[in-house]
Amino acid sequence: MIGKTTTHITLSALLVFSFCKAQRSDFIVTTSHDTIYVDKTDLTDFEFKTETAGKKKRYSFDEVINYYISSEDKHYERIPLEKKEPKPVDRYDYKANDDSYVTDYDSRKKYKYLQRLTVGKVKLFTEVVMEGTLIVGIGGASSGVAARKNEIFYISVYDSKPELLSDYGKLKLTKEVAELLKVYLYGDDQTKNRLDQLLSAKPVAGQDQIVKLINEYNARIGLGK
Numbered sequence: 099m100i101g102k103t104t105t106h107i108t109l110s111a112l113l114v115f116s117f118c119k120a121q122r123s124d125f126i127v128t129t130s131h132d133t134i135y136v137d138k139t140d141l142t143d144f145e146f147k148t149e150t151a152g153k154k155k156r157y158s159f160d161e162v163i164n165y166y167i168s169s170e171d172k173h174y175e176r177i178p179l180e181k182k183e184p185k186p187v188d189r190y191d192y193k194a195n196d197d198s199y200v201t202d203y204d205s206r207k208k209y210k211y212l213q214r215l216t217v218g219k220v221k222l223f224t225e226v227v228m229e230g231t232l233i234v235g236i237g238g239a240s241s242g243v244a245a246r247k248n249e250i251f252y253i254s255v256y257d258s259k260p261e262l263l264s265d266y267g268k269l270k271l272t273k274e275v276a277e278l279l280k281v282y283l284y285g286d287d288q289t290k291n292r293l294d295q296l297l298s299a300k301p302v303a304g305q306d307q308i309v310k311l312i313n314e315y316n317a318r319i320g321l322g323k
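Listed below in structure tokens is the structure:
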């Protein structure tokens, strides 16, 4: 328990430093909690490609727990993916066979990185995904697929599995979002009262107010607890 607490304090201190300091360089944080500053970072589905002073180096996702992109001022944290075993494919199912290489490729992915919006015990994440909408033409025939971006938000505590908070694009303090926030932001009357105030406010509170609420809660209860 002491070791686990020490780890959380170390990571929290590192996050506070990196969130508060005006960063001018990209960096990655390794599984041994070393911070490595780089001039350039590029991600594939399985590894980081970094460049520092003209020297290139690669890191697998197994080696990197979070990273920061200075040009966007965004922090990202590694999240384990649920292991999905490929289903047996009927050799006569030609479409499934054509798509099997995609399934096999995806099954090899162990992690993804979500943008972290808060500092401390309770974490708010966001992820931008591309979604396809089937376009139906005259007579009901399909005429293609329209792709659009959608922003999804998750919440977790420490290293727990992120739980879906909202998948409607912009984050708004709806009754459903507020109920889930109450579960995570427990044990602090000041936070509870502020959440109730925001819930009844007009216009509806959005992402900035929710991020501020979580950060203030984390600061009051202690980052390392």
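Under our numbering, the first residue of the sequence shown is numbered 99, with each subsequent residue one higher. For each residue, glycine too, the CB sits at the ideal point set by N, CA and C. Quantities reported herein were computed from a predicted structural model and do not represent experimental measurements.
Output yes or no for whether 8 angstroms exceeds the beta carbon distance between residue i and residue j.
i	j	result
Lys-221	Arg-214	yes
Ile-177	Thr-128	no
Asp-286	Ile-312	no
Ile-253	Leu-278	yes
Return the residue from the list the options that minimises the CA-CA distance to residue i.
i	options	result
Ile-126	Tyr-166, Ser-254 and Glu-145	Tyr-166
Val-217	Ser-123, Asp-171, Lys-153 and Val-309	Val-309
Glu-180	Lys-155, Lys-259, Ile-134 and Arg-122	Lys-259
Arg-246	Asp-257, His-131, Tyr-266 and Glu-261	Tyr-266
Does the beta-carbon of residue i have 16 or more other beta-carbons within 10 angstroms, so that it is buried, or is it exposed?
i	result
Thr-142	exposed
Glu-274	exposed
Asn-291	exposed
Glu-175	buried
Leu-293	buried
DSSP three-state label for residue i, please.
i	result
Thr-289	helix
Lys-310	helix
Lys-155	strand
Val-302	coil
Lys-138	strand
Val-162	strand
Tyr-266	coil
Measure how close the beta-carbons of residue i and residue j come, nearest whole angstrom, since I'm counting them as under 8 angstroms.
i	j	result
Thr-139	Asp-124	5 angstroms
Tyr-157	Phe-146	4 angstroms
Leu-271	Gln-295	About 11 angstroms; that fails the 8 angstroms criterion.
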